[in-house]
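Participant: Numbering follows the numbering used here, in which position 279 of the sequence shown is assigned residue number 266; successive positions increment by one, without gaps.
One structure is given below, represented as structure tokens, and several questions about it will come after.
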Amino acid sequence: MIRDPENGPQASHITQLPRDAESSFADSDSPTVALSTGAGFFDHTPQSLRELLASWKEPRFRVDQIFTWVYRDGAVEYGAMSNLPAKLRERLAGELPLFRSEVIQKQRSNDGTFKLLLCWPDAATSECVLIPDGERRTACISTQVGCPVGCVFCASGLGGLQRQLSPGEIIEQAVRVRQLCGSNARLSNIVFMGLGEPLANYRATLHAIRTINADWGLGIGARKITVSTVGLPLQIRRLADEKLQITLALSLHAPTDELRRKLIPWAERVTIEELIEACRYYFEQTGREVTLEYILLGGENDQTGHADALADIVHNMRGNVNLIPYNPVEGLPYLRPTDEAVNRFLSTLKGRSVNAHVRNSRGLDIDSACGQLRRRESSKPVTLGISSLANGPTK
Ligand code: SF4
């Protein structure tokens, strides 16, 4: 059932895989991977905008006004910032674009999940999702254009990595998703679970986390922010040393190195033991339990023996398990597990005293698996201006 990755559509990832994937990204971005060109408003902190406006001979208090308009009041254009001089508004609009993306696709699921496809000025595209659940409104955002990891079951892995997203592009996704909530509602949670490996774009991801968390930014509590990684032990330790209270989610997906390497090409040079050690370090430094994400693939990794081996791993760390029944992706041979297999897996874990939950799949009637919408759209010509959510959602 598992494809030979050498012959699969992501075979190019295998050959492109750096000898030491982690060290090549150790300073957040590979020298061979392009960043976007140009900066926008969302790349700025109050400090850096202060410096820019000082060079324009503008008073310091303008920075607070602008940040309040954007993050607190949800302004979508400088023209709306009525307490700024017209000349400054014009200059900002000309030299520091507020929104750099265009929403080129918006899908709404029957369960209320929204998915946006954004197009950046260089025609790169990225996805972000709003997942409403009662009072909770979660934005799922991407950190890279495409993904270098190449998990064999994932749509994002099919095209490889195109480029890193800048801090501003990561933050802008969260702001775009917030616009979908309407004027009276705010985002409650952010998950870095969209396209890409966040820890392979470390500095931009960290910058985005700090802005999303800041009082002057989106003001979302650190404990409501989750970073999901396929597992780069050095970067996990580095993140632990930041001493943030964010949740770390490790995408394990297999309880043995052998099976994991078949499913995740990047797992070739890292063992589960090294990852668990890094997770233990994360817990020691932050006091935060690590969540193990486990995608259940029908007939692949969903048997009782797998659940038992997973329980052994969890007993070696402070962690909990999220089980995610797979959403089939067009063109890939992996199956959704049966309900019976999911229940059996869950009760085996619970029988071993593992704190485990099944995460309900959302948006099954749209291109909900990460990368699906982008992949579908990339086979069509890009049409800018289909819709702009700058003025809020069009339901
Ligand atoms: S599952 Fe995540 S890490 Fe794996 S290829 Fe997809 S986006 Fe990348």
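For every residue, glycine included, the Cβ atom is placed at its ideal position computed from N, Cα and C.
Specify the secondary structure class of Ser88 as computed by DSSP and reduced to three states.
Facilitator: coil
Participant: Name the residue from Asn330, Ala343, Pro312 whose alpha carbon lies nearest to the alpha carbon of Glu279.
Facilitator: For the sequence presented, residue 279 should be read as Leu rather than Glu. When only C-alpha atoms are compared, the closest one is Ala343.
Participant: Measuring only the C-alpha atoms, how far is Gly274 from Val214?
Facilitator: In a straight line, the C-alpha of Gly274 is about 16 Å away from that of Val214.
Participant: Does Thr291 pass the burial test, meaning 16 or more other C-beta atoms within 10 Å, or should it be called exposed?
Facilitator: exposed
Participant: Going by DSSP in three states, Asn(-6) sits in which element: helix, strand or coil?
Facilitator: The predicted model places Asn(-6) with a pLDDT of 28, which falls under 50 and marks its position as unreliable; any figure quoted below should be read in that light. The answer is coil: DSSP assigns Asn(-6) none of H, G, I, E or B.
Participant: Say the cut is 7 Å; is the CB of Ser113 nearer than that to a heavy atom of ligand 1?
Facilitator: Not under cutoff, so the answer is no.
Participant: Using three-state DSSP, classify Val257 as helix, strand or coil.
Facilitator: In the structure shown, Val257 sits in coil (DSSP, three-state: anything other than H, G, I, E or B).
Participant: Taking 7 Å as the line, does the beta carbon of Glu184 fall inside it for any heavy atom of ligand 1?
Facilitator: yes
Participant: Where does the unbroken alpha helix (DSSP H) through Asn200 begin, and where does it stop?
Facilitator: 189 to 200
Participant: With a floor of 3 residues, list each beta strand (DSSP E) that falls wholly inside the region 57 to 126, ordered by position along the chain.
Facilitator: 89 to 95, 101 to 106, 112 to 120
Participant: In three-state terms, what does DSSP make of His344?
Facilitator: strand
Participant: Please state whether DSSP places Leu250 in a helix, a strand or coil.
Facilitator: helix
Participant: Please state whether the Cβ-Cβ distance between Asp289 and Pro324 is less than 8 Å.
Facilitator: Result yes, Cβ atoms of Asp289 and Pro324 sit closer than 8 Å.
Participant: Below 8 Å, how does it come out for the region 189 to 200 and the region 144 to 158: are there three or more Cβ pairs, yes or no?
Facilitator: Between the region 189 to 200 and the region 144 to 158, the count of C-beta pairs closer than 8 Å reaches three or more; the two stretches touch.
Participant: Measure the alpha-carbon distance for Leu221 versus Glu271 and round it to whole angstroms.
Facilitator: Straight-line Cα distance between these residues: approximately 15 Å.
Participant: Is Pro312 helix, strand or coil when you go by DSSP?
Facilitator: strand
Participant: To the nearest angstrom, how far is it from the Cα of Arg267 to the Cα of Pro33?
Facilitator: 35 Å
Participant: Residue range of the beta strand (DSSP E) that Gln160 falls in?
Facilitator: Judged by DSSP secondary structure, Gln160 falls outside any beta strand (DSSP E) and instead within the alpha helix (DSSP H) spanning 154 to 167.
Participant: For Arg348, is the beta carbon positioned less than 7 Å from some heavy atom of ligand 1?
Facilitator: The residue asked about is misnamed: residue 348 is Ser in this sequence, not Arg. Checking every heavy atom of ligand 1 against the Cβ of Ser348, none is found closer than 7 Å.
Participant: Is it right to say Arg405 is buried, meaning 16 or more other beta carbons lie within 10 angstroms of its own, or is it exposed?
Facilitator: Past the boundaries of the shown model lies residue 405; the chain is included only from -12 to 382, so the question cannot be answered.
Participant: Locate the alpha helix (DSSP H) running through Glu327, then write down its first and last residues.
Facilitator: 326 to 338
Participant: Quick check: the Cα distance between Ala265 and Asn307, rounded to an integer number of angstroms?
Facilitator: 15 Å
Participant: What number of angstroms, rounded off, separates the C-alpha of Gly338 from the C-alpha of Leu297?
Facilitator: 12 Å
Participant: Pull the bridge partners of Gly133 from the DSSP assignment, please.
Facilitator: Leu148
Participant: Strictly by DSSP, which residues pair up with Tyr281?
Facilitator: Leu310
Participant: Would you check whether ligand 1 has a heavy atom nearer than 7 Å to the C-beta of Val136?
Facilitator: yes
Participant: Please list, in chain order, all residues of the same chain as Arg305 whose beta carbon is under 6 Å from its beta carbon, the five residues on each side excluded.
Facilitator: Phe270, Glu276
Participant: For the region 117 to 134 against the region 180 to 187, are there 3 or more C-beta pairs whose distance is under 8 Å?
Facilitator: yes
Participant: Can you tell me which of the three DSSP states Leu297 falls into?
Facilitator: helix
Participant: Taking Leu174 and Ala209 to be in contact with their CB atoms under 8 Å, please state how far apart those CB atoms are, rounded to whole angstroms.
Facilitator: Contact flag wrong, Cβ pair sits at about 14 Å.
Participant: Between Gly66 and ligand 1, is the CB less than 7 Å from at least one heavy atom?
Facilitator: No; taking the cut-off as 7 Å, the Cβ of Gly66 has no heavy atom of ligand 1 nearer than that.
Participant: Nearest to Ala110 by alpha carbon, out of Gln94, Arg78, Gln149?
Facilitator: Gln149
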